[in-house]
Amino acid sequence: MEIIIEGKEIFSPDDFYKQLSKQVPELGEYFGNNLDALWDYIDIFDGKTIIWKDFLMSEKNIGSYVYKIINIYKARNEKLKQIKNGKINIILL
Numbered sequence: 001m002e003i004i005i006e007g008k009e010i011f012s013p014d015d016f017y018k019q020l021s022k023q024v025p026e027l028g029e030y031f032g033n034n035l036d037a038l039w040d041y042i043d044i045f046d047g048k049t050i051i052w053k054d055f056l057m058s059e060k061n062i063g064s065y066v067y068k069i070i071n072i073y074k075a076r077n078e079k080l081k082q083i084k085n086g087k088i089n090i091i092l093l
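In this text, residue positions in the sequence shown follow full-length UniProt numbering: the first is 1, and each later residue adds one.
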């Protein structure tokens, strides 16, 4: 499964989480729209690919928060090193 993040539509961290929630219904209505919630639900993304279009526009709008998001996925990948096909792929465009 591919999850497409439209970076040109991200002006706040909430915009990122709204896009994510629309494409990943498993996050549900109780997803907290913050980094802690993203970590709590991180296993939902195992084996998926996240394509973040216009990443530099997101970085311009929300600054270093984009790297905090990416680091959550990187930390999960570190935990999954031993599992084939469990890796979360992140493509920044």
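C-beta atoms are modelled at their ideal positions from N, C-alpha and C, and glycine is treated no differently.
Checking the sheet assignment: what are the DSSP bridge partners for glutamate 59?
Partner(s): none; glutamate 59 has no beta bridge.
For asparagine 61 and isoleucine 88, what's the separation of their Cα atoms in angstroms?
24 angstroms
In chain order, which beta strand (DSSP E) runs of at least 3 residues are fully inside the UniProt domain "Barstar (barnase inhibitor)" (3-81)?
Positions of the beta strand (DSSP E) runs, each at least 3 residues long and wholly inside the UniProt domain "Barstar (barnase inhibitor)" (3-81), are given as 49-53 in order along the chain.
Measuring only the C-alpha atoms, how far is leucine 80 from glutamate 29?
Their Cα atoms are separated by approximately 27 angstroms.
Over what stretch of residues does the beta strand (DSSP E) that includes leucine 92 continue unbroken?
89-92
Quick one: using the 10 Å Cβ neighbour count with 16 as the cut-off for buried, is serine 12 buried or exposed?
exposed
Quick check: leucine 56 and isoleucine 44, are their CB atoms within less than 8 angstroms of each other?
no
Only counting the same chain, and skipping five residues up and downstream in sequence, which positions put a Cβ closer than 7 angstroms to that of aspartate 15?
Around aspartate 15: Glu9.
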